[in-house]
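Residue numbers (my numbering): 979 to 1248. The beta-carbon is built from N, C-alpha and C at its ideal position, and this holds for glycine as well. From a predicted model like this one, the values you see are computed outputs, not experimental measurements. Okay, structure first, notes after.
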């Protein structure tokens, strides 16, 4: 019998090639890792994954950014939210210096809160000369960052924490070794040292956690569309207020599974 044949397939590029959005996507949500309490500009889905990690079962942020960039989006500002008193993982003991009686010289902590830090480890290697060392950062056992030719704890802290090649995974702090340089440099570790898990305390995240983050998208970031995906009608009023104040477009969505009559009622109330 004649009929309609429907063929499905995975989208491999923008649905409307050459029509990239002209403005910015401002989005708030939970992520595996990444900076908290500040808008982070990302220019590709690769940027997002490098900074905020992979897909999670408790947030749609990853999927939202993937769809945005697959559809030709070029610029987004992302704010990650965490719960009250979120914690970062760290090495259980500081790196030790090279003295005959080793003393702590640097502490290593994760760059952001969350259990993800248990996948991170740090390896210290001797450098090519007696006064240098090398720090490698590993994720799931694979080297993802390599800082070579470090000459002092101060240089290591500067390069890993604050430089243009700052680590996406760890932060260092001085433990105040009293040893004379270069003995205060960290001793080589026989194997990678694994960080403890942190906790993003997501059980304590409430609606106000998301809506308060809207204030971080200041006027200087320009216009665009703003969203808090996956939360539903509880954030609609705050999104509309923000959009009105900053000349942006509020992207509103209902909770997953909302029936048609409820959707109509929500739309009528706007």
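Considering Cα atoms alone, identify which of 1051, 1101 and 1088 is closest to residue 1175.
In the chain shown, residue 1175 corresponds to position 197, counting from 1. Nearest C-alpha to residue 1175: 1088.
Which partner residues of residue 1149 appear in the DSSP bridge assignment?
Position 171 of the chain shown holds residue 1149. Per DSSP, 1087.
Buried or exposed for residue 1015, going by 16 or more other Cβ atoms inside 10 Å?
Position 37 of the chain shown, counting from 1, holds the residue named residue 1015. Flag for residue 1015 reads exposed.
Mind checking residue 993: buried by the 16 CB within 10 Å criterion, or exposed?
As a working mapping, residue 993 is identified with position 15 in the chain shown. Confidence is the limiting factor: at residue 993 the pLDDT is only 48, short of 50, which leaves the residue's position unreliable and the question unanswerable from this model.
I'd like to know if the region 1040-1058 and the region 1179-1187 are in contact, where contact means that at least 3 CB-CB pairs between them fall below 8 Å.
As far as the Cβ criterion goes, the region 1040-1058 does not touch the region 1179-1187, which means the pair count is below three.
Counting only the same chain and skipping the five closest in sequence on each side, list residues whose C-beta sits under 7 Å from that of residue 1146.
The sequence position of residue 1146 within the chain shown is 168, counting from 1. Cβ neighbours of residue 1146 beyond the five flanking positions: 1028, 1029 and 1089.
If we define contact as Cβ-Cβ less than 9 Å, is residue 1153 a contact residue for chain C?
Chain labels in this structure do not include chain C; a single protein chain is all it has.
Apart from the five residues on each side of it in sequence, which residues of its chain come closer than 8 Å, Cβ to Cβ, to residue 1159?
Within the chain shown, residue 1159 is the residue found at index 181, counting from 1. Around residue 1159: 1109 and 1130.
Please state whether DSSP places residue 1058 in a helix, a strand or coil.
Residue 1058 sits at position 80 when you count from the first residue of the chain shown. DSSP places residue 1058 in strand when its eight states are reduced to three.
What does the alpha-carbon distance come out to for the pair residue 1137 and residue 1153?
As a first step, residue 1137 must be located in the chain shown, where it is residue number 159. As a first step, residue 1153 must be located in the chain shown, where it is residue number 175. Distance between the alpha carbons of residue 1137 and residue 1153 is about 17 Å.
Going by DSSP, which residues form a beta bridge with residue 1188?
Translated into positions along the chain shown, residue 1188 becomes position 210. Answer is none; residue 1188 lacks a bridge partner.
Kindly indicate which three-state DSSP category residue 1028 falls into: helix, strand or coil?
Numbered from 1 along the chain shown, position 50 holds the residue referred to as residue 1028. In this structure, residue 1028 counts as helix in the three-state DSSP scheme.
Rounded to the nearest angstrom, what separates residue 1183 and residue 1204 at their Cα positions?
Counting from 1 along the chain shown, the entry for residue 1183 is found at position 205. Counting from 1 along the chain shown, the entry for residue 1204 is found at position 226. So the two alpha carbons sit approximately 20 Å from each other.
Which partner residues of residue 1074 appear in the DSSP bridge assignment?
Residue 1074 sits at position 96 when you count from the first residue of the chain shown. Paired residues: 1082.
Considering Cα atoms alone, identify which of 1104, 1120 and 1121 is closest to residue 1128.
Numbered from 1 along the chain shown, position 150 holds the residue referred to as residue 1128. When each option's Cα is compared against that of residue 1128, the closest is 1104.
Just to check my reading of the structure: residue 1116 and residue 1082 have Cβ atoms closer than 8 Å, yes? What is that Cβ distance to the nearest angstrom?
Position 138 of the chain shown holds residue 1116. Position 104 of the chain shown holds residue 1082. Their Cβ separation, rounded to whole angstroms, is 22 Å, which puts residue 1116 and residue 1082 out of contact at 8 Å.
Short check: CB of residue 1099 to CB of residue 1173, under 9 Å?
Counting from 1 along the chain shown, the entry for residue 1099 is found at position 121. Counting from 1 along the chain shown, the entry for residue 1173 is found at position 195. Against a cut-off of 9 Å, the Cβ pair of residue 1173 and residue 1099 comes out as a contact.
Answer with buried or exposed for residue 1178, where buried requires no fewer than 16 other C-beta atoms within 10 angstroms of its C-beta.
Counted from its first residue, the chain shown places residue 1178 at position 200. Under this definition residue 1178 is a buried residue.
Exposed or buried, residue 1162, counting other C-beta atoms within 10 Å across all chains shown (16 or more means buried)?
Your numbering for residue 1162 matches position 184 in the chain shown. When all chains shown are included, residue 1162 counts as buried.
Return the first residue and the last residue of the beta strand (DSSP E) that residue 1109 is part of.
By one-based count along the chain shown, residue 1109 stands at place 131. No beta strand (DSSP E) holds residue 1109; DSSP gives it neither H nor E.
Taking the alpha carbon of residue 1237 as the point to measure from, which residue in 1193, 1222, 1062 and 1210 has its own alpha carbon closest?
As a working note, residue 1237 is residue 259 in the chain shown. The shortest C-alpha separation from residue 1237 is found at 1210.
Spatial neighbours of residue 1076 within its chain, please: C-beta separation below 8 Å, excluding the five flanking residues on both sides.
The residue you call residue 1076 lines up with position 98 of the chain shown. Excluding positions up to five away in sequence, the list reads 1157, 1160, 1161, 1162, 1163, 1164 and 1165.
Residue 1199 and residue 1002 look like a contact to me (Cβ under 8 Å); what is the Cβ gap, rounded to whole Å?
On the chain shown, position 221 is the one that residue 1199 refers to. On the chain shown, position 24 is the one that residue 1002 refers to. Contact holds; Cβ gap of about 7 Å.
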